[in-house]
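Each protein sequence line maps, in turn, to chains A and B.
So the numbering used here is basically just the index in the first sequence, starting at one, shifted up by 8.
So the numbering used here is basically just the index in the second sequence, starting at one, shifted up by 91.
Worksheet for the structure shown next.
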Amino acid sequence: MNKFDELPIGAEFSLFSQSVDTHVVAAVADLRQISLILDEAVITLNNSFFSIHDGLEAYRDSCDDLVVDQVTPSMNKAVTALQFHDLTSQLLSRVVNRLDGLRDIVGYTQHLPSDNSENIAERLTKLDRRMLELSDVLHNKFSQSLNQQHMESGDVELF
Amino acid sequence: MADLNDMKFLVVDDFSTMRRIIRNLLKELGYNNVEEAEDGNMALAKLNREPYDFIVSDWNMPGMDGLQLLQAVRADPKLAHLPMLMVTAEAKKENIIAAAQAGASSYIVKPFTAATLDEKISKILEKHNK
Numbered sequence: 009m010n011k012f013d014e015l016p017i018g019a020e021f022s023l024f025s026q027s028v029d030t031h032v033v034a035a036v037a038d039l040r041q042i043s044l045i046l047d048e049a050v051i052t053l054n055n056s057f058f059s060i061h062d063g064l065e066a067y068r069d070s071c072d073d074l075v076v077d078q079v080t081p082s083m084n085k086a087v088t089a090l091q092f093h094d095l096t097s098q099l100l101s102r103v104v105n106r107l108d109g110l111r112d113i114v115g116y117t118q119h120l121p122s123d124n125s126e127n128i129a130e131r132l133t134k135l136d137r138r139m140l141e142l143s144d145v146l147h148n149k150f151s152q153s154l155n156q157q158h159m160e161s162g163d164v165e166l167f
Numbered sequence: 092m093a094d095l096n097d098m099k100f101l102v103v104d105d106f107s108t109m110r111r112i113i114r115n116l117l118k119e120l121g122y123n124n125v126e127e128a129e130d131g132n133m134a135l136a137k138l139n140r141e142p143y144d145f146i147v148s149d150w151n152m153p154g155m156d157g158l159q160l161l162q163a164v165r166a167d168p169k170l171a172h173l174p175m176l177m178v179t180a181e182a183k184k185e186n187i188i189a190a191a192q193a194g195a196s197s198y199i200v201k202p203f204t205a206a207t208l209d210e211k212i213s214k215i216l217e218k219h220n221k
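Written out as structure tokens, the structure reads:
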């Protein structure tokens, strides 16, 4: 018999939820770090592109117009593509919020009574029901619509 | 409405990168008179202080979001006439319908090109000027 066989069922769930919580907290921290790195990189790119663009326009008279006219559209496309920064930031935020919600669901098991006074099957049924309710709430919080994959996603012709 | 090149745009988005991108796209299309606001509350304050000809607004913003801004604009007799283009990352059907019912002039999903923005603005202005 191992140590878990000796524990009341509530205590077993508590150990389980603490273990999950540790990993989820670490995952959320990593995602927040990704978001910070992405923000900094895109802001730098954005500033740089606009500086190049402004520089080209300022020296239009002394540069060959053909060169400026060839470079400017590519520059504009690059800047426009940075819209994905907004989308990725929103997606990262959704993942973080979903993981936080998952912590709440799993954390619920920490509040189970730590003795074996209730019938185990009945307790597991109640637990299952409550976790499903929390899961539905979490699921409904997030829209499923952020799945754009290319620059021509913009056109919506409903009106 | 002002001559196209003098048209005054208000770009509303909590993301500074996005505001700058839309400003750049509008400039590409010849619209150089562009102001910015970070959220619906700031936008409404600007709209009440000075005249604008066109609003381009994000949906998800802290404080007053895009839909609330749209409803406030349409409820104000001084602002209700303004064309308002909703720009958003979400393509949820419910949102699009809500925008239409609240009186949005059109709806565009990020990411979008200058050509798509041009087409949307042109269609809105065509309807507006009829």
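Positions of the beta carbon are idealized from the N, C-alpha and C atoms, including for glycine.
- Message: Using a Cβ-Cβ cutoff of less than 7 Å, which residues in the same chain neighbour A:S25 once the five nearest sequence positions on both sides are dropped?
- Response: V114, G115, T117, Q118
- For A:F92, the first and last residue of its enclosing alpha helix (DSSP H): 91-115
- Message: I want to verify the contact list: residues of chain A whose CB lies under 8 Å from the CB of B:E119, in sequence order.
- Response: N84
- Message: Quick check on DSSP: helix, strand or coil for B:K305?
- Response: This structure leaves residue 305 of chain B out entirely; chain B is present only between 92 and 221.
- Query: In whole angstroms, what is the alpha-carbon distance linking B:E127 and B:V102?
  - Reply: 5 Å
- Just curious, the beta strand (DSSP E) that B:N115 is in, first and last residue? Element bounds for B:N115: not the beta strand (DSSP E) but the alpha helix (DSSP H), 107-119.
- Looking at C-alpha atoms only, which residue of A:M83, A:I45, A:T52 is the closest neighbour of A:G63? A:M83
- Task: For the beta strand (DSSP E) containing B:A128, list its first residue and its last residue.
- Result: 124-128
- Query: What residue range is occupied by the uninterrupted beta strand (DSSP E) comprising B:M175?
  - Reply: 175-179
- Message: Beta carbons nearer than 8 Å to chain B: which residues of the segment 48-60 of chain A have them?
- Response: V50, I51, N54, F58
- If the cut is a Cβ gap below 7 Å, which residues of chain B does A:H93 touch? T108
- Task: Would you mind telling me which residues of chain B sit closer than 7 Å to A:Q98, beta carbon to beta carbon, in chain order?
- Result: A180
- For the beta strand (DSSP E) that contains B:D149, what are its first and last residues? 145-149
- A:A34: buried (16+ other C-beta within 10 angstroms of its C-beta) or exposed? exposed
- Can B:K201 and A:Q98 be called in contact, C-beta distance under 7 Å? no
- Task: Within 10 angstroms of the Cβ of A:F167, are there 16 or more other Cβ atoms? Answer buried if so, exposed if not.
- Result: Unreliable placement is indicated for A:F167, whose pLDDT of 46 sits below 50; no coordinate value is reported for it.
- Query: In this structure, does DSSP put A:D62 in helix, strand or coil?
  - Reply: helix
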